[in-house]
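For the sequence shown, counting from 1, position 352 maps to 663 in our numbering; every step adds exactly one.
Note that the Cβ used here is the ideal one computed from N, Cα and C, for glycine as well.
A quick note: this is a predicted structure, and the numbers were derived from the prediction, not measured.
In what follows, a structure is listed as structure tokens, so that the remarks can point back to it.
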Amino acid sequence: MMRRFAALALAGLMTVGLTACGPRLDPDEAQESVRVYAMDTEMVFSVYGQQSVKVALAAEAEMYRLENLLSRTREDSAISKLNAAGGAETPVGAEVCALLLAAETYSWATGGAFDVTLAAVSSAWGFTEDAYRVPPQVELEALLTRTGMDKVQIAADTAALAEGTQIDLGAIAKGYAADRAAALLREYDAPRAMVNLGGNVLAWGNRPDGEAWRVGIQDPAQPMAADAYVGILNLTDAYAVTSGGYQRYFEEAGTTYHHIIDPATGHPAASDLTSVTIVAAAETLAAGETGPGTLCDALSTALFVLGEDRAVEFWRSGAYPFDMVLVTAEGRVVTTPGLVDRLTTVAESGYVYETVS
Ligand code: AMP
Ligand code: MG
């Protein structure tokens, strides 16, 4: 018998230092925290302001609504209905169509590295059902004939898949949820909040003491250690999302297999990176509109697949406004110039810090 070992590490980003109970500049400023378990992850909302209770409750309801809409493991979700339709045109609603269009855009922009049609491939590796296995190559090759965004037809409020194609929005749904959380914070005029959707972070405003929110980037080499950071991001009105092979993986016969798939091979991406953190500024969003949260989530997954050189090239192209922190397997932390003043390095981490230009 081969021994199988599976792990789910700490979320890639963690709030550091002051959160709920620190000093406040305004003693009247109310604060409310809620923990929500949705989208297969623990979500924490710490919201400040006069309406903090209302926002926190609205955010909780919104997360359940999104899970019911987007989850592929909930039979009655729009995505499950689309996946079960056997190729027929399916009413999924304008919101799901907008998210599918965003997924299509990021797929094109990254040369196919981002691909929400990998559902059946992820399942073959057992990542969806926690039934880990190494699928035979012939099985993967057969599944790969059904993947790619060209197999997805998106209309105003309906979508259709080619027969055998299945959608998994796991790489983008939490980022979209962060966008919806931002829209709620704006609607209720919340002055500050820290939202952490299982490593998809939204730092809204400043901390109560007027400082930027501090968000630690997990050291991918120590995925289970609570205080092992490669750096601390100092963020105000910004999103940050980390993807890494260390976040979910299993071991079989001495080889590690992680959950981020290279759409070109159907195998876990053979990346020279161990994690990718994408940071983007908050924006005003219309109802149902995808924004920087969605962008950060899509790009953190896609640039992990692309690897260091192509990730840097993608950033240099200027196609999207974002900053990033790449952690390489050989022990370097590569940062874009926009983060130099916002990343506190950790001298004892053993990493070598570099800035690209
Ligand atoms: P994330 O944690 O955002 O990096 O997303 C990883 C999840 O997205 C995986 O658990 C899969 O469900 C799915 N996924 C894996 N590989 C890809 C890929 N290349 N493009 C889009 N989604 C992917
Ligand atoms: Mg992602």
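Neighbour-count burial assignment, residue i, 16 or more Cβ in a 10 Å radius
i: Asn-379; result: exposed
i: Cys-332; result: At Cys-332 the pLDDT is 48, less than 50, meaning the model places this residue with poor confidence; the figure from the coordinates comes in the next sentence. Label assigned to Cys-332: exposed.
i: Asp-583; result: exposed
i: Trp-524; result: buried
i: Ser-660; result: buried
i: Gly-527; result: buried
i: Gly-618; result: buried
i: Trp-515; result: buried
i: Leu-654; result: buried
i: Gly-629; result: exposed
i: Gly-360; result: buried
i: Ala-537; result: exposed
Heavy atom of ligand 2 within 7 Å of residue i beta-carbon
i: Ile-390; result: no
i: Ser-418; result: no
Any non-hydrogen atom of ligand 1 closer than 7 Å to residue i Cβ
i: Pro-534; result: no
i: Pro-574; result: yes
i: Leu-455; result: no
i: Ile-543; result: no
i: Leu-429; result: yes
i: Leu-489; result: Sequence inspection shows Ala at residue 489; the Leu mentioned does not correspond to that position. Every heavy atom of ligand 1 is 7 Å or more from the Cβ of Ala-489, so no.
i: Asp-426; result: yes
i: Phe-438; result: yes
i: Ile-571; result: yes
Spatial neighbours of residue i in its chain, beta-carbon cut-off 6 Å, leaving aside the 5 residues before and after
i: Glu-343; result: Val-358, Ser-363, Val-364, Ala-367
i: Gly-423; result: Pro-574
i: Ala-539; result: Asp-530, Gln-533
i: Phe-356; result: Val-345, Ala-367, Ala-370, Val-506
i: Ser-382; result: Ser-388
Beta-carbon proximity list for residue i, same chain, < 7 Å, skipping 5 on both sides
i: Thr-656; result: Gly-542, Tyr-664
i: Ser-668; result: Pro-648
Presumed contact (8 Å Cβ cut-off) between residue i and residue j, rounded CB distance
i: Thr-605; j: Ile-571; result: That pair is no contact at about 17 Å.
i: Ala-414; j: Ile-483; result: 6 Å
i: Cys-607; j: Phe-633; result: 7 Å
i: Gly-323; j: Gln-529; result: 5 Å
i: Leu-393; j: Val-403; result: 6 Å
i: Gly-577; j: Leu-451; result: 4 Å
i: Tyr-375; j: Ala-349; result: 6 Å
Contacts around residue i, its chain only, beta-carbon distance under 8 Å, and the 5 residues preceding and following it disregarded
i: Val-691; result: Residue coverage of the chain in this structure runs from 312 to 668, which leaves residue 691 outside it and unanswerable.
i: Phe-438; result: Arg-559, His-570
Self-check item: Any residue whose CB is nearer than 7 Å to a heavy atom belonging to ligand 2, listed in chain order
Solution: Ala-482, Ile-483, Gly-486, Val-552, Ser-554, Asp-608, Ala-609, Ser-611, Thr-612
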